[in-house]
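Numbered according to this note's numbering, the sequence shown spans residues 42 to 462.
Glycine included, every Cβ here is placed at the ideal spot set by N, Cα and C.
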Amino acid sequence: MKYLIIIILSLFACSSQSPVLEQKQDAKPIEKFQQKSGQVILGLENFLKSHVSLVKGKRVGLVTNPSGVNRQLHSAADLFFEHPDIDLVALFGPEHGIRGDIFAGHKIVDQSDPKTGLPVFSLYGKNRKPTKEVLAGIDVLIFDIQDIGIRSYTFISTLGLLVEAAAENDKELIVLDRPNPIDGVHVEGNIVQPGYFSFIGYFPIAYRHGMTVGEIAHMHNTEKKLGAKLTVIPAINWKREMYWQETGLPWVPTSPHVPHWETSLYLATSGTFGELHVLSEGVGYTMPFEYVGAPWINSEEYAQALNKLNLPGIIFRPVYFKPYYFRLKDQNCQGVQLHITDLNTFNSFRTSLHIMKTTMDLYPDHDLFANKKRISAFNKVIGSDRITRGLQNGKTVEELETEWQDELAAFKKIRKKYLLY
Numbered sequence: 042m043k044y045l046i047i048i049i050l051s052l053f054a055c056s057s058q059s060p061v062l063e064q065k066q067d068a069k070p071i072e073k074f075q076q077k078s079g080q081v082i083l084g085l086e087n088f089l090k091s092h093v094s095l096v097k098g099k100r101v102g103l104v105t106n107p108s109g110v111n112r113q114l115h116s117a118a119d120l121f122f123e124h125p126d127i128d129l130v131a132l133f134g135p136e137h138g139i140r141g142d143i144f145a146g147h148k149i150v151d152q153s154d155p156k157t158g159l160p161v162f163s164l165y166g167k168n169r170k171p172t173k174e175v176l177a178g179i180d181v182l183i184f185d186i187q188d189i190g191i192r193s194y195t196f197i198s199t200l201g202l203l204v205e206a207a208a209e210n211d212k213e214l215i216v217l218d219r220p221n222p223i224d225g226v227h228v229e230g231n232i233v234q235p236g237y238f239s240f241i242g243y244f245p246i247a248y249r250h251g252m253t254v255g256e257i258a259h260m261h262n263t264e265k266k267l268g269a270k271l272t273v274i275p276a277i278n279w280k281r282e283m284y285w286q287e288t289g290l291p292w293v294p295t296s297p298h299v300p301h302w303e304t305s306l307y308l309a310t311s312g313t314f315g316e317l318h319v320l321s322e323g324v325g326y327t328m329p330f331e332y333v334g335a336p337w338i339n340s341e342e343y344a345q346a347l348n349k350l351n352l353p354g355i356i357f358r359p360v361y362f363k364p365y366y367f368r369l370k371d372q373n374c375q376g377v378q379l380h381i382t383d384l385n386t387f388n389s390f391r392t393s394l395h396i397m398k399t400t401m402d403l404y405p406d407h408d409l410f411a412n413k414k415r416i417s418a419f420n421k422v423i424g425s426d427r428i429t430r431g432l433q434n435g436k437t438v439e440e441l442e443t444e445w446q447d448e449l450a451a452f453k454k455i456r457k458k459y460l461l462y
């Protein structure tokens, strides 16, 4: 597209292929550094090393949170603020806030950053898209936030709105790409259906999408024909089959209940039915999203039934726990801990459906959909009402999955066009 600039650096210094974007004289090549170490280099590091010239003389607005750090754990906000060639004039905070101290779903107001003194405009409060008035004082927006690879995580929704705001207000947008922590190969789950798009399901993509934020921004801009002046600064040396532990990068909690990179996979499993507020998904206890239980569950019976399914890549261990806060606070619960044993065969979305189905079969007197006010939220996370209706009508997991295979195949075909690695 006319306004789409994708910067992809050669992965090897000896490569005969020249970069898509011609390097300017003041751009320092990064090949020697990457060849020496072979380390994964974040889009943030790539930008500061070789592409600061893209914003020289321009007023910059940075969208970030605590996960926007380099390998030395220095924040993008501080690095930009201290850089002599970056005129950082404003910060933008997504869900959980610029410093990550706000509970999930809680609205955030505009404020001043206590460290830099810069204005912080909330993208999870009155406005979720930067306003024309705010953007009047900015020339280029930069996005640097670590995603977790799941459709319902709101940071990519914020990114989608940024692409739209950049197009609507004729502003540049630079996305500093980062690895998908749960790899860029596995694609699982259904696709959001018309009538169910929301801030926790903003794109018509699979629940586990297997894409980076840069790839999603590229896809959104192109498929929607938005025409934003988009530049993606890629991560270097990241391979699609990598999980976070293989990148050599430190993990910073992306939100209060994602303390470890592995939590992303557990969230992809129990974060779906957690929206129904009937089962505990471990939020409020020491293992967010790794525990599933309730006061009326028999842990031994529950674990035995789930393990009998022989689901690939996971074992269920019977547990007893009492949440310290949030749902089922101070109630004695029984249930299971999820133990992922094989990352390559584990299917988070399918496992989620089997947990729901098994719970309904074992405990029919405890309706998983009893909280009618929460069904709408669950359907938005899932992206349709087909799973709700299907489970209530006694369908098997296999029968449910057949309903979206054509849609999933169509998404994979579209997705392939936007893969940068």
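Practice problem: Could you check which residue in PHE121, GLU287, ARG192, ALA346 has the C-alpha nearest to that of ASP185? | Solution: Translated into positions along the sequence shown, residue 185 becomes position 144. Closest option to ASP185, Cα to Cα, is PHE121.
Exercise. Reducing DSSP to helix, strand and coil, say where THR399 ends up.
Key: Counting from 1 along the sequence shown, the entry for residue 399 is found at position 358. Note: THR399 maps to helix in three-state DSSP.
Quiz item: What residue does the alpha helix (DSSP H) around VAL438 start on, and which one ends it?
Solution: To locate residue 438, count along the sequence shown from 1; it is residue 397. Annotation for VAL438: the continuous alpha helix (DSSP H) segment containing it runs 438-443.
Exercise. Kindly list the residues whose CB is nearer than 6 Å to the CB of MET401, restricted to its own chain and excluding five residues on each side of it in sequence; keep chain order.
Key: Numbered from its first residue, the sequence shown carries residue 401 at position 360. The answer, listed in chain order, is LEU409.
Practice problem: Take PHE452 and list the residues in its own chain whose beta-carbon comes closer than 8 Å to its own, dropping the five residues that flank it on each side. | Solution: Within the sequence shown, numbered from 1, the residue matching residue 452 stands at position 411. Here the set comprises VAL228, ILE232, PRO245, ILE246, ALA247.
Quiz item: Do you know how far the Cα of ALA335 is from the Cα of LEU200?
Solution: For the purposes of this step, residue 200 is taken as residue 159 along the sequence shown, with counting starting at 1. For the purposes of this step, residue 335 is taken as residue 294 along the sequence shown, with counting starting at 1. Those two C-alpha atoms are separated by around 36 Å.
Quiz item: Which residues bound the beta strand (DSSP E) around ALA380?
Solution: Numbered from its first residue, the sequence shown carries residue 380 at position 339. In the sequence on display, residue 380 carries His and not Ala. Start and end: 374-381.
Quiz prompt | Cβ-based burial, THR443 [other Cβ within 10 Å; buried from 16] | solution = As a first step, residue 443 must be located in the sequence shown, where it is residue number 402. Taking all protein chains in view, the Cβ of THR443 is surrounded by fewer than 16 other Cβ atoms within 10 Å, so the residue is classified as exposed.
Practice problem: Just list the alpha helix (DSSP H) runs in the segment 188-246, keeping only unbroken ones of 4 residues or longer that don't cross its boundaries, in chain order. | Solution: With a minimum length of 4 residues, the continuous alpha helix (DSSP H) runs that stay inside the segment 188-246 are 195-209.
Exercise. From the DSSP output, read off the bridge partner residues of SER321.
Key: Mapped onto the sequence shown, residue 321 falls at position 280. DSSP lists GLY334 as the bridge partner or partners of SER321.
Exercise. Please work out which residues of its chain come closer than 7 Å, Cβ to Cβ, to ALA269, disregarding the five sequence neighbours upstream and downstream, and give them in chain order.
Key: Within the sequence shown, numbered from 1, the residue matching residue 269 stands at position 228. Excluding sequence neighbours, ALA269 sits near TYR44, VAL204, ALA207, ALA208, LEU214, ASN262.
Practice problem: Find the nearest neighbour of VAL161 within the set PRO135, VAL181, SER311, ASN210, judged by alpha-carbon distance. | Solution: Mapped onto the sequence shown, residue 161 falls at position 120. Ranking the options by Cα distance to VAL161, first place goes to PRO135.
Quiz item: Should LEU182 go down as buried or exposed, given a rule of 16 or more other Cβ atoms within 10 Å for buried?
Solution: Reading the sequence shown from its first residue, position 141 is the one you call residue 182. By the 10 Å Cβ count, LEU182 comes out buried.
Self-check item: Same chain, Cβ closer than 6 Å to GLN187, five either side skipped, listed in chain order
Solution: By one-based count along the sequence shown, residue 187 stands at place 146. SER108, ARG219, THR295.
Quiz item: How far does the alpha helix (DSSP H) with LEU120 in it reach, from first residue to last?
Solution: Residue 120 sits at position 79 when you count from the first residue of the sequence shown. Boundaries of the alpha helix (DSSP H) harbouring LEU120: 117-123, taken from the DSSP string.
Quiz prompt | Length of the line joining the Cα atoms of PHE238 and GLY431 | solution = The residue you call residue 238 lines up with position 197 of the sequence shown. The residue you call residue 431 lines up with position 390 of the sequence shown. In a straight line, the C-alpha of PHE238 is about 20 Å away from that of GLY431.
Practice problem: Look at the alpha carbon of GLU303 and the alpha carbon of ILE223, and state the distance between them as a whole number of angstroms. | Solution: The residue you call residue 303 lines up with position 262 of the sequence shown. The residue you call residue 223 lines up with position 182 of the sequence shown. Rounded to the nearest angstrom, the gap between the Cα atoms of GLU303 and ILE223 is 8 Å.
Quiz item: Should the segment 323-331 be regarded as contacting the segment 352-368, the criterion being three or more beta carbon pairs within less than 8 Å?
Solution: Three or more pairs of CB atoms, one per stretch, sit closer than 8 Å, so the segment 323-331 contacts the segment 352-368.
Quiz item: For the segment 420-430 against the segment 343-350, are there 3 or more C-beta pairs whose distance is under 8 Å?
Solution: A contact between stretches requires three or more CB pairs, one per stretch, nearer than 8 Å, and the segment 420-430 fails this requirement with the segment 343-350.
Quiz item: Just curious, the alpha helix (DSSP H) that LEU89 is in, first and last residue?
Solution: As a working mapping, residue 89 is identified with position 48 in the sequence shown. 84-91 is the span of the alpha helix (DSSP H), which, as asked, contains LEU89.
Quiz item: What are the start and end residues of the beta strand (DSSP E) that includes PHE387?
Solution: For this step, residue 387 is matched to residue 346 along the sequence shown. Segment: none, PHE387 is in no beta strand (DSSP E) and carries neither H nor E.
Quiz prompt | Counted within 10 angstroms of its Cβ, other Cβ atoms place THR253 as buried (16 or more) or exposed | solution = Here residue 253 refers to the residue found at position 212 of the sequence shown. In summary, THR253 is buried, with 16 or more beta-carbon neighbours lying within 10 Å of its beta-carbon over all protein chains present.
Quiz prompt | Short Cβ contact (8 Å threshold) for ASN278 with VAL110 | solution = In the sequence shown, counting from the first residue as 1, residue 278 sits at position 237. In the sequence shown, counting from the first residue as 1, residue 110 sits at position 69. No; because the gap between Cβ atoms is not below 8 Å, this pair is not in contact.
Quiz prompt | Straight-line Cα distance separating GLU86 from GLN113 | solution = Position 72 of the sequence shown, counted from the start, is the residue given in the question as residue 113. Position 45 of the sequence shown, counted from the start, is the residue given in the question as residue 86. Distance from the CA of GLN113 to the CA of GLU86, rounded to the nearest whole angstrom, comes to 10 Å.
Quiz item: Can GLY376 and GLN234 be called in contact, C-beta distance under 8 Å?
Solution: Numbered from 1 along the sequence shown, position 335 holds the residue referred to as residue 376. Numbered from 1 along the sequence shown, position 193 holds the residue referred to as residue 234. Contact flag unset, no.
Quiz item: Under the three-state reduction of DSSP, which class applies to GLY315: helix, strand or coil?
Solution: For the purposes of this step, residue 315 is taken as the residue at position 274 of the sequence shown. The answer is helix: DSSP assigns GLY315 an H, G or I state.
Quiz prompt | Spatial distance of THR195 from VAL422 (CA atoms) | solution = For the purposes of this step, residue 195 is taken as the residue at position 154 of the sequence shown. For the purposes of this step, residue 422 is taken as the residue at position 381 of the sequence shown. Distance between the alpha carbons of THR195 and VAL422: 11 Å.
Quiz item: Over what stretch of residues does the alpha helix (DSSP H) that includes ILE470 continue unbroken?
Solution: Because the chain is modelled from 42 through 462, residue 470 falls outside the range shown and cannot be assessed.
Quiz item: When the Cα of LEU384 is compared with those of ILE356, ALA418, PHE367, PHE240, which residue comes out closest?
Solution: As a position in the sequence shown, residue 384 is number 343, starting the count at 1. Nearest C-alpha to LEU384: ILE356.
Self-check item: ALA258 burial status per 10 Å Cβ neighbour count (16 or more: buried)
Solution: Residue 258 sits at position 217 when you count from the first residue of the sequence shown. Its Cβ being crowded by 16 or more others within 10 Å, ALA258 is buried.
Quiz item: Should THR288 be labelled buried (16 or more other beta-carbon atoms within 10 Å of its own) or exposed?
Solution: By 1-based counting over the sequence shown, the position of residue 288 is 247. The residue is buried, with at least 16 neighbouring Cβ atoms inside 10 Å.
Quiz prompt | Contact check, THR386 vs GLY435, beta carbons under 8 Å | solution = Position 345 of the sequence shown holds residue 386. Position 394 of the sequence shown holds residue 435. No, these two residues do not count as a Cβ contact at 8 Å.
Self-check item: Burial state of THR382, where buried means 16 or more other Cβ atoms lie within 10 Å
Solution: The residue labelled residue 382 in the question sits at position 341 within the sequence shown. Exposed: under 16 other Cβ atoms inside 10 Å.
Exercise. For ALA411, count neighbouring C-beta atoms within 10 Å of its own C-beta (all shown protein chains included) and say buried if the count is 16 or more, exposed if not.
Key: In the sequence shown, residue 411 corresponds to position 370, counting from 1. An exposed status is given to ALA411, since fewer than 16 other beta-carbon atoms sit within 10 Å of its beta-carbon.
Exercise. Along the beta strand (DSSP E) that carries PHE452, what are the first and last residues, could you check?
Key: Translated into the one-based positions of the sequence shown, residue 452 becomes position 411. Counting along the chain, PHE452 sits inside no beta strand (DSSP E); it lies in the alpha helix (DSSP H) bounded by residues 446-457.
Exercise. Would you mind giving the Cβ-Cβ distance between ALA276 and LEU83, rounded to the nearest angstrom? I have them listed as a contact below 8 Å.
Key: Reading the sequence shown from its first residue, position 235 is the one you call residue 276. Reading the sequence shown from its first residue, position 42 is the one you call residue 83. The pair is a contact, with the Cβ atoms about 6 Å apart (cut-off 8 Å).
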